[in-house]
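Here this note's numbering is used: the first residue of the sequence shown is 1, the next is one more, and so on.
Here's the structure, in structure tokens; my notes come after.
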Amino acid sequence: MKDKIALFVFTVLLLLTGCTPAKRDTGVNKEIERKVDELVRKMTLEEKLGQMNQISSWGNIEDMSNLVRKGQIGSILNEVEPARINAMQKVAMEESRLRIPLLIARDVIHGFKTIFPIPLGQAASFNPALAETGARVAAIETSSVGIRWTFAPMIDISRDPRWGRIAESFGEDVYLTSVMGAATVKGFQGDSLSDPTSIAACPKHFIGYGAAEGGRDYNSTNIPERQLRNVYLPPFEEAVKAGAATIMTSFNDNDGIPSTANAYLLKTVLRDEWKFDGFVVSDWASVTEMISHGFAADNAEAAMKAINAGVDMEMVSASYIGEAPGLVKEYKVKESDIDEAVRNILRIKFRLGLFDNPYVDVPQKEVFYAPAHLADAKEAAIQSVILLKNEKNTLPVSASVKTVLITGPMADAPYEQLGTWIFDGEKSHTITPLKAIREMMGNEVQIIYEPALAYSRDVNPAGVAKAVEAAKKADIILAFVGEESILSGEAHSMAGLDLQGNQSDLILSLAKTGKPLVTTVMAGRPLTIEKEVNASSAVLYSFHPGTMGGPALADLLWGKAVPSGKTPVTFPKMVGQIPMYYSHNTTGRPATRKEVLLKDIPVEAGQTSLGCTSFYLDAGFDPLYPFGYGLSYTTFEYSNIRLSASKLKKNDTMTIEFDLANTGQVAATEVAQLYVQDKVGSIARPVKELKRFARIELQAGEKKTVSFELPMSDLAFWNIDMKKEVEAGDFNLWVAGCSQSGTPVSFEVID
Ligand code: BGC
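In structure tokens form, the structure reads like this:
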């Protein structure tokens, strides 16, 4: 009873103060700091460098154990066998001089065994709780084998779908990425890092990696500091606030400086400004790759530059352990800086509770693919799907449909639908759309399955002809197309984004049968699918939806669930439009939309008769789908927007209220979005920026008042004086179901 009263008072206090219990282990823990200092004092230089050295498991446990015994390894990645992990921890804890546990790491990007939708798909849900749950499930499964560190979330702002790693990102928007990234960190790390089911998060890649020129992986970036601070850094700052234990540097050089040697970002920004007290790890060999960058002459110079810039742990390239003793001797690296790096690493090992218990129980296999995990993965997949088109209410599939043709290379591709970065997920656990629809519909409908193409790049014309023939017998066609998982992810950039192989031909040929055609696209990125959209009656975009993608899509197709996803990134019509993102600056010559397009240009037209504004003669003004776009099986109406004040001081908070009605026939969820435009600034400002969003569930015919709180401090940006400030002036504000809809209301910020 006493406990209950205490809990009640606590809750009331929370409500009054508006704060939530701290979920982070950051902040000085004197006991841990004392232990860290004590250990560092005892360590030889070699042992210190050992802690800063991460190897990738090379299989031979004897060799690795020998190095562990000598204190030459601080962390191992890519070791997933619990018995081997326990054995090496035993060597570390019982046979190494200082008994420092290993930190075992793995890329667990969207699930360990139970695979959730790729992060870009998760972002389409606009649901941070979903990302947190997905990360929690991943942490439970991952930690069960003794791995306590993942290299995720990837929070690189990604505005170029040619870049294969856009799949791993939360898309183009600063706020959406910040919110989803912080939620993922919380999911991985749980309430406390010391919980044995918590794994340390590693937001990556610091910084600007998503802006690789031309979308070509590893390419240089050229992001000026103001843009870095306004666009690329905020998600990392939020991740640090959420307690992220580690940060990974990126491969790219920005303005000539490889991130792995950028002292300004790693020290001034990350440590001094944000007070980050975890540790920084390089990317895979990104220390010695500074030699290829032409930024270091040899391993020694590379190690020197990375250590001096503040990279605490080196992933796999072993230049620290090889070269730092010499560098210290030559006074090129200070031992005190090495001590600092080791402190950062040990602090996290202590927080993870590894010194108390680095071992894992005999593998708890029952946590893999646990029913609750599969249910969460299915819900995540449902919420990640975007309904792009639904002509004449083709969807949900009507009860009168008796014969269904299921076709396309992604209809039954258990491996491909898992997406990129799934080292540990097994396709034998995947449920594909074909399997799920068969199970769900039983004898209610007759299913004809004609894959047409064996995989997404297949060019077999005979298969297409067979599917077209089969379509003639069907009441509806469900075509599943997209990309094999290998076509997105690291190093898998594409210069063209059309559907591969004969997939386009398949869709266009099926359309000619005149049967209702529902196209579902499973891909790692937005593809240029304008003509396939035009040919289809309805289009669902599911990205790579993971283990439970099939049941999720079956529910959506038959209306047992209603689509609610929204595009987390702009879908271009043509590759030449890239980069294309909603939050661009206003140019001096915005298009008026009255300009003459290619097909209407008169012969021998005068040079200046075409508009002199910012647009493409061939692609026009708009993307295929803008950011934040997505349909439902119902319709929503936004009305009656009210602002708590139309003039606010810089430290005021505005309450924005509006009515949202479900004007259709089914219960559904709408992602309501709030955008703001700072009309005049000391620098040119974006045409609009997402500032809030919420998933609102509404019964058919129901109307709700929705409210957002927006502190004016959220309007601050890095201005002409390179200061983060709210600038007084006029603003526009929209609440809408997409970045391109709604009517603005205005307000003013005063000094
Ligand atoms: C990737 C990282 C990844 C690391 C370890 C690198 O190639 O860029 O994102 O975490 O490998 O696998």
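Glycine included, C-beta positions come from ideal geometry on N, C-alpha and C.
Per-residue DSSP class, three states only, for residue i
i, result
"proline 21", "For proline 21, the predicted model reports a pLDDT of 37, less than 50, meaning its position is unreliable; a value from the coordinates is still stated below. Coil."
"leucine 557", "helix"
"tyrosine 209", "helix"
"aspartate 678", "strand"
"methionine 712", "helix"
"isoleucine 448", "strand"
"aspartate 191", "coil"
"methionine 574", "coil"
"phenylalanine 747", "strand"
"tyrosine 232", "helix"
"lysine 758", "Any property of residue 758 remains undetermined from this structure, which presents the chain solely from 1 to 751."
"serine 428", "helix"
"methionine 180", "helix"
"glycine 489", "coil"
"threonine 133", "helix"
"leucine 517", "strand"
"alanine 736", "strand"
"serine 143", "helix"
"leucine 540", "strand"
"arginine 347", "helix"
"lysine 30", "helix"
"arginine 438", "helix"
"threonine 642", "The displayed chain sequence assigns arginine, not threonine, to residue 642. Residue state, collapsed to three classes: strand."
Check: residue i C-beta below 6 Å from any heavy atom of the ligand BGC
i, result
"phenylalanine 151", "yes"
"tryptophan 558", "no"
"tryptophan 734", "no"
"aspartate 337", "no"
"aspartate 107", "yes"
"tryptophan 421", "no"
"aspartate 217", "no"
"aspartate 622", "no"
"aspartate 283", "yes"
Supposed close pair residue i, residue j - CB separation, criterion 8 Å
i, j, result
"leucine 497", "threonine 520", "Actually they do not touch by this definition, with Cβ atoms about 17 Å apart."
"threonine 197", "alanine 131", "Going by Cβ atoms, the distance from threonine 197 to alanine 131 rounds to 17 Å, so no, they are not a contact pair."
"glutamate 387", "proline 563", "A quick correction: the sequence has leucine, not glutamate, at residue 387. Right, their Cβ atoms sit about 4 Å apart."
"alanine 302", "glycine 278", "Contact doesn't hold; Cβ gap of about 23 Å is too wide."
"proline 626", "tyrosine 582", "6 Å"
"phenylalanine 276", "valine 316", "Actually they do not touch by this definition, with Cβ atoms about 23 Å apart."
"glycine 210", "isoleucine 157", "5 Å"
"methionine 752", "valine 281", "Here the chain has residues from 1 to 751 only, and residue 752 is not among them."
"glycine 419", "alanine 716", "With a Cβ gap of about 36 Å, glycine 419 and alanine 716 do not count as contacting."
Own chain, CB closer than 6 Å to residue i, minus 5 neighbours either side, in chain order
i, result
"threonine 634", "Asn662, Gly664, Val666 and Ala668"
"alanine 377", "Thr114, Phe116, Gly546, Thr547 and Met548"
"phenylalanine 251", "Tyr218, Asp283 and Ser286"
"methionine 712", "Leu648, Lys650, Asp652, Val726 and Val749"
"serine 178", "Pro234, Pro235 and Glu238"
"proline 433", "Ala411, Phe480, Gly550 and Leu553"
"glutamate 604", "none"
Cβ-heavy atom distance, residue i to the ligand MG, below 6 Å
i, result
"aspartate 173", "The ligand MG is not among the ligands present in this structure, which contains only the ligand BGC."
Cβ neighbours of residue i in the same chain (closer than 7 Å, five flanking residues each side left out)
i, result
"threonine 615", "Before going further, note that residue 615 is phenylalanine rather than threonine in the sequence given. So the qualifying residues of the chain are Ala591, Glu595 and Phe621."
"arginine 343", "Val36 and Val40"
"valine 108", "Ala138, Thr142, Thr150 and Ala152"
Cβ shell of residue i (< 8 Å), same chain only, five flanking positions each side left out
i, result
"asparagine 86", "Gly146, Tyr359 and Val360"
"lysine 349", "Ile100, Pro101, Leu103 and Phe355"
"asparagine 53", "Gln72, Ile73, Gly74, Ser75, Met313, Glu314, Ala318, Tyr320 and Ile321"
Taking contact to mean 3 or more Cβ pairs, one atom from each stretch, closer than 8 Å, check whether the stretch 214 to 228 and the stretch 357 to 377 are in contact. Two segments are said to touch when three or more pairs of C-beta atoms, one from each, lie closer than 8 Å; by this definition the stretch 214 to 228 does not touch the stretch 357 to 377.
Quick one: any contact between the stretch 444 to 459 and the stretch 570 to 580, if contact means 3 or more CB pairs under 8 Å? In this structure the stretch 444 to 459 does not lie against the stretch 570 to 580, because fewer than three pairs of beta carbons, one per stretch, are closer than 8 Å.
contact_flag[the stretch 330 to 346, the stretch 107 to 123] where n(CB pairs < 8 Å) is 3 or more: When C-beta atoms of the stretch 330 to 346 are compared with those of the stretch 107 to 123, fewer than three pairs fall below 8 Å, so the two segments do not count as touching.
Should the stretch 590 to 602 be called in touch with the stretch 611 to 622, which here means at least 3 C-beta pairs below 8 Å? Output reads yes: the stretch 611 to 622 touches the stretch 590 to 602.
For the stretch 705 to 713 against the stretch 641 to 655, are there 3 or more C-beta pairs whose distance is under 8 Å? Because the criterion of three Cβ pairs below 8 Å is met, the stretch 705 to 713 and the stretch 641 to 655 touch.
Check whether the stretch 496 to 512 and the stretch 413 to 431 touch, using three or more Cβ-Cβ pairs below 8 Å as the test. Because the criterion of three Cβ pairs below 8 Å is not met, the stretch 496 to 512 and the stretch 413 to 431 do not touch.
Check whether the stretch 253 to 272 touches the stretch 220 to 230, taking contact to mean three or more Cβ pairs, one atom from each stretch, closer than 8 Å. Note that the stretch 253 to 272 touches the stretch 220 to 230; at least 3 beta-carbon pairs, one per stretch, sit closer than 8 Å.
Does the stretch 402 to 414 come close enough to the stretch 471 to 487 that 3 or more CB-CB pairs lie under 8 Å? Touching, per the Cβ criterion.
Below 8 Å, how does it come out for the stretch 312 to 325 and the stretch 293 to 303: are there three or more Cβ pairs, yes or no? Counting C-beta pairs with one atom in each stretch, the stretch 312 to 325 and the stretch 293 to 303 have three or more that are closer than 8 Å, which means they touch.
The stretch 453 to 460 / the stretch 389 to 406 touching (three or more Cβ pairs under 8 Å): Contact fails: fewer than three Cβ-Cβ distances are below 8 Å.
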